[in-house]
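J.: Chains as they are written, first to last, in the working numbering: chain L, 426 to 655; chain Z, 7 to 168; chain S, 801 to 1050.
The structure's right below; bear with me while I get my questions together.
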Amino acid sequence: MVVGDYLLAGIVAMLTGLDRVALVQIMISRPLVAATLTGWVLGSPLVGMEIGMLLELLWLGRLPVGAAIPPDDTQVAVGATVLALSVGPTLGLSGMPVVILSVLIAIPLGKFGQVFDRLARHVNDRLAVSGHTALMAGDIAGLERNHLFGLISFAFASLATALVIVLVGSFVLYSVAPVLIGAVQEAGLSLHYSLIMVGAAVLLGTINVNRSASLFCAAFTGTMLVLWLK
Amino acid sequence: MSIVLARIDSRLVHGQILEAWVPYVGADCIVVASDEVAGTSFQCMVMQAAVPSSVKLIIGTLEETVSILSSADLLKKRVLLLFANSEDALKVCQLGASYKKLNLGNMHSSAGKNRYTCTIALDQQDIDKLQQVEDQGVTIVSQCVPADRERSWRKLISSGGR
Amino acid sequence: MKETRLSGLTFLRIYLRSFLLQSSWNFEKLQNLGFFYLILPGLRSIYGDEIPADVRQRHSGYFNTHPYFAPLVAGTVLRLEARQLAGEESEVDAETYKSMVMAPFAAMGDALFWGGVRPLAALLGLLVASQGSLWAPVVFLVLFNLPHLLFRGSGLILGYTQELRAIETVQKCRIPDLAIRLKESTTVLIGVLCAYLSFKGCEHQELSAAWGFVLLPVVLLFAWLAHKGVTSLFLVLLTTSSLLLLALLF
């Protein structure tokens, strides 16, 4: 990867990060979209999409309700894609094993996202006060300016999270890849499928429906029979 | 009747309650104890519109709440009890409704209040009122959503506010 | 004095500003600046360039609702403001209206969009992605954003034209029940996805598809654990380590 690629990835990290809360919210922040987008600017959209698939469901049931901040799955998706496409090749790794390793390393680092996000919102506390003061003094443009400055703190929080994931992640990937890659290669596709199913199970467990277990079992059995008998 | 969650939440019925707490504690009835809300038909209507038909919503004044909680209708219900502030929680407790644990959810900040967590701001009056609730044998904890860690409010207070 | 009517251009500007509602989201007052920013074009039409201090004060205080419902609130608030200036009486004033609807609307939006539409669109996207098609993110974005973008726009118009009676319209839609229908559909799709992946997994391992049924109780167990508050991180680590162990042993 060249410097330009990292810059592009940084821009994607900020745009998708802003989409989480601060700007537009058309859901380009979902891992399936954010990772594919990152993969696309780095030249391998399919690798991005595989990463997005692994991450999409894991925190989908954690709603951004009120002031509760869920883990930053957007930057985990972006960071893991950068790891897989930048560090992977330097270790001579590609394909499914490095995708899985990158995701596994990026997931715990997503915690930093919560920290940076909270920090950004505290920075915005000050904007809220100064914006309100400006407004009451009759300076409406001052309010608009303060309001829009909030975007900067959110963008920086996203970028910082992505940076930490990529930097710490590269270090970890370099150290554990030689040890684990064999086993991951062995488990390969099964691990990929299983991890998507972990996400599905988490969503199933956190979705707010009374009959979820029976509906799920019926759908599972039905589909399985159709596929089996076909 | 069993109270599966008693909570102070200045937003009353909102997403954290319906999407996170109701499924987590398996509640099928929400009781909102507030003189102000019970006295405003417009707000009762809006609140009702937000609750799915599978969950029963009852809005009562503080005095009514005690009799609502002991009524035959709620005998087999798992009740989620909501207060808007510490004063209401204390009043209902003194009127004789028994809840064993009180959850502090959102108590949003206003002038003169110190913030103890991102979502909880208290002033001395709040602390006194909660102290009195605790003296009635109620365990008081703070937990915004089920995914957060439950913390004793004592630790919260001793950590000092900002 | 006659009530000021807002022009189409003003509506468009409010619609576009609704995408910036949460730019300065903060713990102190949440969407306070955002809401004033949102309705500013409307306030300018009603009051001219000199917006009175009491109006500025009451629309820049604590506010928080679901971002997609904010245009609906904005529509009603602007209508109430315009009518109040024209000297007409109203059952509820703009400030009280805001304080009453923000939490219930937030609940409806969370249930409908975060709990209902988004998981459903994501599952459909994943089913496409599992076929290896790069259209998956596009499918997800289109499915999610059609209702989303429509809702923002129609909310604004509905709020403005029906003002307080907009609540009755919202009530008639039975949004919380609709959300439950969507969640049930999502649950079915989770079943389809898991079955498909189990089948593929068995095929890959050259096992009989009957082994796929073994995964059904495993998924249910994991779902139960997640419901009990076990974190995704733990479940991921558990799965990975057990599979890696299996891979090393056999």
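The beta-carbon is built from N, C-alpha and C at its ideal position, and this holds for glycine as well.
Can you check DSSP and say which residues form a bridge with Z/Lys-62?
T.: Paired residue(s): Z/Cys-35.
J.: Do we get a CB-CB distance below 8 Å when we pair L/Gln-450 with the residues of chain S?
T.: yes
J.: Which whole runs of the alpha helix (DSSP H) in the segment 502-539 of chain L are 4 residues long or more, in chain order?
T.: 521-534
J.: Below 8 Å between beta carbons: does that hold for L/Thr-586 and L/Phe-537?
T.: Yes; because the gap between Cβ atoms is below 8 Å, this pair is in contact.
J.: Would you be able to state if there are at least three C-beta pairs under 8 Å between the segment 75-91 of chain Z and the segment 917-937 of chain S?
T.: Contact annotation: the segment 917-937 of chain S does not touch the segment 75-91 of chain Z, with fewer than three C-beta pairs closer than 8 Å.
J.: The beta strand (DSSP E) spanning S/Leu-806 covers which residue range?
T.: Careful: S/Leu-806 lies outside any beta strand (DSSP E) and carries neither H nor E.
J.: Just the chain L side, please: which residues come within less than 8 Å of Z/Val-28 by C-beta, in chain order?
T.: Correct list: Asn-633.
J.: Answer yes or no: does any C-beta atom of chain S fall closer than 8 Å to that of Z/Gln-142?
T.: Answer no: the Cβ-Cβ gap between Z/Gln-142 and chain S never drops below 8 Å.
J.: Measuring CB to CB, does Z/Val-72 end up less than 8 Å from Z/Ala-103?
T.: yes
J.: Taking only runs that begin and end inside the segment 847-905 of chain S, name each unbroken alpha helix (DSSP H) of 4 or more residues, in chain order.
T.: 853-858, 870-885
J.: Give the straight-line distance between the Cα atoms of Z/Leu-101 and S/Val-901, rounded to the nearest whole angstrom.
T.: When rounded, the distance between both Cα atoms is 29 Å.
J.: Any chance the segment 838-850 of chain S sits against the segment 804-812 of chain S, with 3 or more Cβ pairs inside 8 Å?
T.: yes
J.: Please report whether the beta-carbon of S/Pro-904 lies at a distance below 8 Å from any beta-carbon of chain Z.
T.: Interface residue, yes.
J.: For Z/Cys-124, return the contacting residues in chain S, with the cut-off set at a CB-CB distance below 7 Å.
T.: Phe-827
J.: Within the 8 Å Cβ cut-off, does S/Gln-857 reach chain Z?
T.: no
J.: Compare the beta carbon distance of L/Leu-544 and S/Ile-990 with 8 Å and say whether it is the shorter of the two.
T.: no
J.: Using a Cβ-Cβ cut-off of less than 8 Å, give me the residues of the segment 614-639 of chain L that come near chain S, in sequence order.
T.: Leu-614, Ser-615, Leu-616, Tyr-618, Ser-619, Leu-620, Ile-621, Met-622, Val-623, Gly-624, Ala-625, Ala-626, Val-627, Leu-628, Leu-629, Gly-630, Thr-631, Ile-632, Asn-633, Val-634, Arg-636, Ser-637, Ala-638
J.: Should L/Ser-600 and L/Met-439 be called a contact, given that it needs their Cβ atoms to be closer than 8 Å?
T.: no
J.: Can you give me the start and stop residues for the beta strand (DSSP E) that S/Asn-945 sits inside?
T.: No beta strand (DSSP E) holds S/Asn-945; the alpha helix (DSSP H) holding it covers 936-962.
J.: Measuring only between beta-carbons, confirm whether L/Arg-487 sits less than 8 Å from chain C.
T.: No chain C is present in this structure, whose protein chains are L, Z and S.
J.: What's the C-alpha gap between L/Val-458 and L/Val-548?
T.: 28 Å
J.: Can you list, in chain order, the residues of its chain with a C-beta nearer than 6 Å to that of S/Arg-879? Leave out the 5 residues immediately preceding and following it.
T.: Tyr-960, Glu-963
J.: Pick from Z/Asp-34, Z/Gln-149, Z/Leu-68: whose alpha carbon is nearest that of Z/Ser-8?
T.: Z/Asp-34
J.: How long is the line joining the alpha carbons of S/Ala-911 and L/Leu-588, rounded to whole angstroms?
T.: 33 Å
J.: Under 8 Å, do S/Phe-819 and L/Leu-448 count as touching if we go by C-beta distance?
T.: yes
J.: Using the beta-carbon of each residue, which ones in chain Z are nearer than 8 Å to S/Glu-891?
T.: Proximity of chain Z to S/Glu-891 at the Cβ level (cut-off 8 Å) is accounted for by Phe-48, in chain order.
J.: Under 8 Å between the Cβ atoms of Z/Thr-125 and Z/Gly-111?
T.: Taking 8 Å as the Cβ cut-off, Z/Thr-125 and Z/Gly-111 qualify as a contacting pair.
J.: Does the distance between the C-beta of L/Ser-619 and the nearest non-hydrogen atom of the ligand NAP fall short of 7 Å?
T.: Questions concerning the ligand NAP fall outside what the structure shown contains, since it holds no ligand whatsoever.
J.: Is the shortest distance between the beta-carbon of S/Val-970 and the beta-carbons of chain Z less than 8 Å?
T.: yes
J.: Under 6 Å Cβ to Cβ from S/Glu-968, same chain only, skipping five residues before and after it: list those, please.
T.: none
J.: Counting pairs of beta carbons, one from the segment 495-510 of chain L and one from the segment 524-533 of chain L, are three or more of them closer than 8 Å?
T.: yes
J.: Using a cut-off of 7 Å between C-beta atoms, extract the partners of S/Pro-976 located in chain Z.
T.: Ala-56, Val-57, Pro-58
J.: Between S/Leu-1020 and S/Tyr-862, what straight-line distance do the alpha-carbon atoms span, to the nearest angstrom?
T.: 42 Å
J.: When the Cα of Z/Leu-24 is compared with those of Z/Lys-161, Z/Leu-87, Z/Met-51, which residue comes out closest?
T.: Z/Leu-87
J.: Rounded to whole angstroms, how far is the Cβ of L/Thr-461 from the Cβ of L/Gly-473, which I believe are closer than 8 Å?
T.: That pair is a contact at about 4 Å.
J.: What distance in whole Å lies between the Cβ atoms of Z/Met-53 and S/Pro-904, which are believed to be in contact at a cut-off of 8 Å?
T.: 5 Å
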